[in-house]
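Data block below; observations after.
There are 2 protein chains.
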Amino acid sequence: MSGLSFQVLATDGRARLGQVHTAHGMIDTPAFMPVGTGATVKALTPETVAETGTQVILANTYHLMLRPGADVVERLGGLHRFMNWPKPILTDSGGFQVMSLAKLREVREDGVVFTSHIDGARHALSPERAVDIQRALGADIAMVLDECTPYPVDETACARSMRLSMRWAERSRAAFRERPGAGLFGIVQGGVHEHLRRESAAALTALGFAGYAIGGLAVGEGQALMFDTLELTTALLPEDRPRYLMGVGKPDDLVGAVARGADMFDCVLPTRSGRTGQAFTRRGTVNLRNARHAEDSRPLDANCPCPACTRYSRAYLCHLVRSKEILGAMLLTRHNLHYYQELMVGLRRAIGNGTFEAFAAAFAGEQAAGDIEPV
Amino acid sequence: MSGLSFQVLATDGRARLGQVHTAHGMIDTPAFMPVGTGATVKALTPETVAETGTQVILANTYHLMLRPGADVVERLGGLHRFMNWPKPILTDSGGFQVMSLAKLREVREDGVVFTSHIDGARHALSPERAVDIQRALGADIAMVLDECTPYPVDETACARSMRLSMRWAERSRAAFRERPGAGLFGIVQGGVHEHLRRESAAALTALGFAGYAIGGLAVGEGQALMFDTLELTTALLPEDRPRYLMGVGKPDDLVGAVARGADMFDCVLPTRSGRTGQAFTRRGTVNLRNARHAEDSRPLDANCPCPACTRYSRAYLCHLVRSKEILGAMLLTRHNLHYYQELMVGLRRAIGNGTFEAFAAAFAGEQAAGDIEPV
Chain R
1 MSGLSFQVLA TDGRARLGQV HTAHGMIDTP AFMPVGTGAT VKALTPETVA ETGTQVILAN
61 TYHLMLRPGA DVVERLGGLH RFMNWPKPIL TDSGGFQVMS LAKLREVRED GVVFTSHIDG
121 ARHALSPERA VDIQRALGAD IAMVLDECTP YPVDETACAR SMRLSMRWAE RSRAAFRERP
181 GAGLFGIVQG GVHEHLRRES AAALTALGFA GYAIGGLAVG EGQALMFDTL ELTTALLPED
241 RPRYLMGVGK PDDLVGAVAR GADMFDCVLP TRSGRTGQAF TRRGTVNLRN ARHAEDSRPL
301 DANCPCPACT RYSRAYLCHL VRSKEILGAM LLTRHNLHYY QELMVGLRRA IGNGTFEAFA
361 AAFAGEQAAG DIEPV
Chain P
1001 MSGLSFQVLA TDGRARLGQV HTAHGMIDTP AFMPVGTGAT VKALTPETVA ETGTQVILAN
1061 TYHLMLRPGA DVVERLGGLH RFMNWPKPIL TDSGGFQVMS LAKLREVRED GVVFTSHIDG
1121 ARHALSPERA VDIQRALGAD IAMVLDECTP YPVDETACAR SMRLSMRWAE RSRAAFRERP
1181 GAGLFGIVQG GVHEHLRRES AAALTALGFA GYAIGGLAVG EGQALMFDTL ELTTALLPED
1241 RPRYLMGVGK PDDLVGAVAR GADMFDCVLP TRSGRTGQAF TRRGTVNLRN ARHAEDSRPL
1301 DANCPCPACT RYSRAYLCHL VRSKEILGAM LLTRHNLHYY QELMVGLRRA IGNGTFEAFA
1361 AAFAGEQAAG DIEPV
């Protein structure tokens, strides 16, 4: 049994309002997890991350095993203490980023070998090692090592990849040492093929995990196919465990995924966009590099209470972005996370009130309205 | 007469404790002014800048006239409002940075012409235009356009350069429109030559300025020659006006310059160093990139109350610096400014108490002690 507990407090259609309890505190679901790649959510202090309403962050095993090293973090008291983030942390297994960032990588039955993108050093990651690294980091929620099946891929290759991930999931499950308030999530693979998703979900639920992630989506298949695959996959998973849709997504992806029964999300979009001048608002995305903002004394979003919106003009934010000033990344990252977390608050409130459908419709209407308020 | 007021509250030797009153509030002197080049003190929010004890910042006319343009800032309500910094702002004249950053620059009797380092556009800066730009920006303290005489230079060239600056100072003075709580500072030039400094100081004091800057120092002449030149120059300036030593400096430069009668300082050192992993502490400078910090769980400075020192280990700061994380720049810039402002508080208190000499001796002893506390 898992050291995590999860309760579903309310449902509205297939959308769920819930709570995950960890050794480092509670996570209200649906939850958005900002990405703190290398033990920092880029351009924010942990205090500011918490001020956005964030209750859990994601940290990357791949990055941390390479720098500063999981052993170093462990000797320094674990990731929470190292980065001064006392709330829950979910770590990925490292598998996804080995495939996207490492060089000379090779997938074998026993795991992956690769060379670091930082210094070219040779490393290996097995299901057992991935679990051990995440324990050393002190993760509240750890993930099984898997292979994120690319898209598009033929069905035979997709099945082979999924089955390798399932063998790794079994080994990960066996290697995971139970701790109070911590748990291991399995990851459903199988591409966009229903029968493969069924096979994968059956294999994982037979093993029993503290939660279930839906992997291999948001990799180029498009929102419609992602939603279809998500919808069929969440229906295969136990009701009493949290469901985590990995690497998703845009605000409308989140709303649609919550409607299909997903509880947890992570994505670099709000933080990365904050560093490139892209802002998310109730009224859609705003590119602050655009010349139309250069002399605009109005706030980015007149209804947003974050510092970027209450203390500065679009003109100033445009100036910071164009001048590549760090303050631009700081303010816009904070704004974007604030927006994402406010969206999650809205989703949770709507599910609790049984008004999810109306909330989703109002959300879509606002997003389509254009970013400038009528004068 | 000036729209600024200045009072000397106490002296200790030649060190002065004072207050400058501006339209945007009071500046305790000796004062250190962080550099907010392009309408932002890099890597800090204005709230954080204020939390370090900063009472006045410097902004760069050269940068702001090129981007976003002084006219844009003026239409948006001036620099204070644009960057959300309600306290005093000193602007430089742009002359120094034209010489160090612009391309194809040419110094003529009427001013300088140059091409922008950003987009190659052609610009001109005259004494009158420099004053007008600073008025448009809303500077509390504006500076006359001058030529920062390079070092080393032969005495004839040094004299010619200084005399050009004095002619420009006269034109700047004539162009400056008095406003309540705002003032124009003259800049003494003359290299390391006493008779040229005398000539320059006499020319400026005959014109009468709200304050007097000492320019052309910290340009390679070394600390001893800088101190000698400063000492002879401050003696030539009126007692009832603030004296601003431009572009200085390291902590021990500040202590030595205060001892020689300087009241105001600006330097990029604490902020720029904060972005490259160099920290200033009571016990000297610390390079956080150094491998000796990689597993050091101790704080950067156990006696410093700033967040970098109270919330994180040297190991974490080292990790951030090596990973080029923005948070590293944020935390170390804040720490460095906190250190600088704490030093200024100490200097002011010592002057007020008549214990400047003891303070300076204790400072020198601590700086020499090495950055790690005895265990």
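So the sequence lines, in the order shown, correspond to chains R and P. Here this note's numbering is used: position 373 in the first sequence is 373, and no number is missing along the way. Whatever position you read off the second sequence (first residue = 1), add 1000 for this note's numbering. We treat Cβ as the ideally placed atom computed from N, Cα and C, and that holds for glycine.
When rounded, the separation of the alpha-carbon atoms in Leu137 of chain R and Tyr1316 of chain P is 14 Å.
At least one CB atom of chain P sits nearer than 8 Å to the CB of Lys42 of chain R. Contact between Met1264 of chain P and Met1033 of chain P holds, since their C-beta atoms are separated by about 7 Å, short of 8 Å. Taking a Cβ-Cβ threshold of 9 Å, the residues of chain R close to Met1330 of chain P are Ala43, Leu44, Thr45, Ile326 and Met330, in chain order. In terms of beta-carbon proximity, Tyr212 of chain R stays away from the interface with chain P, with every pair separated by 8 Å or more.
Taking C-beta separations shorter than 6 Å and ignoring five residues to either side along the sequence, the partners of Gly1328 of chain P in its chain run Leu1320 and Val1321, following chain order. The DSSP-derived three-state label of Asp12 of chain R is strand. At least 8 Å separates the beta-carbon of Ser1100 of chain P from that of Val1144 of chain P. Within 10 angstroms of the beta-carbon of Ala235 of chain R lie fewer than 16 other beta-carbons, which makes it exposed. Between the C-alpha atoms of Glu74 of chain R and Phe82 of chain R there is a straight-line separation of about 9 Å.
Secondary structure at Phe82 of chain R: helix, using DSSP grouped into helix, strand and coil. Tyr340 of chain R carries a helical assignment under DSSP once its states are collapsed to helix, strand and coil.
Short of 7 Å from the beta carbon of Gln1278 of chain P, and not among the five residues preceding or following it, lie these beta carbons of its own chain, in chain order: Thr1285 and Asn1287. Listed along the chain, the chain R residues whose CB falls inside 7 Å of the CB of Gly1038 of chain P are Ser323 and Glu325. For Leu58 of chain R, the closest of R:Glu51, R:Ser93 and R:Cys309 by C-alpha to C-alpha distance is R:Ser93. Residues of chain P with a Cβ closer than 8 Å to the Cβ of Leu76 of chain R are, in chain order, Glu1295, Ser1297, Ser1313, Ala1315 and Tyr1316. Pro1305 of chain P is outside the set of residues whose beta carbon lies under 8 Å from a beta carbon in chain R. Per DSSP, Arg75 of chain R lies in no beta strand (DSSP E); the unbroken alpha helix (DSSP H) holding it starts and ends at Ala70 to Arg75. In summary, the residues of the segment 57–70 of chain R whose CB is separated from some CB of chain P by less than 7 Å are Arg67 and Pro68, in the order they occur in the chain. Nearest CB-CB separation between Asn1084 of chain P and chain R: below the 8 Å threshold.
For Phe32 of chain R, the secondary structure class from DSSP, reduced to helix, strand or coil, is strand. Collapsing the DSSP output to three states places Leu1125 of chain P in a strand. Leu1300 of chain P has a beta carbon lying at 8 Å or more from every beta carbon in chain R. In the same chain as His1080 of chain P, and ignoring 5 residues on each side of it, the C-beta atoms closer than 7 Å to its own belong to His1024, Pro1086, Ile1089 and Gly1138, in chain order. Within the segment 1143–1218 of chain P, the complete alpha helix (DSSP H) segments of 4 residues or longer fall at 1155–1175 and 1194–1207, listed in chain order. Around the CB of Ala361 of chain R, fewer than 16 other CB atoms lie within 10 Å, so the residue is classed as exposed. Secondary structure remark: continuous alpha helix (DSSP H) runs of at least 4 residues inside the segment 1210–1278 of chain P, in chain order: 1223–1234, 1251–1259 and 1269–1274. For Leu1337 of chain P, there are no neighbours in chain R by C-beta distance under 9 Å, as the nearest C-beta there is about 14 Å away. At least 8 Å separates the CB of His117 of chain R from every CB of chain P. DSSP, reduced to helix, strand and coil, places Ser1005 of chain P within a strand of the structure shown. Under the DSSP assignment, Arg1311 of chain P falls in the alpha helix (DSSP H) whose first and last residues are Pro1307 to Arg1311.
Residue P:Arg1105 holds the alpha-carbon nearest to the alpha-carbon of Tyr1062 of chain P among P:Ile1027, P:Arg1105, P:Glu1170 and P:Val1049. In terms of CA proximity to Leu269 of chain R, R:His335 leads the group R:Ser323, R:His335, R:Cys304 and R:Glu51. Shown here, Val56 of chain R sits in coil according to DSSP, grouped into three states, outside any helix or strand.
Sequence-distant Cβ neighbours of Gly191 of chain R in its own chain, meaning closer than 7 Å and more than five residues away, are Thr149, Tyr151, Val153, Cys158 and Gly216. Phe1363 of chain P sits away from Gly1013 of chain P, with the two beta carbons spaced by 8 Å or more.
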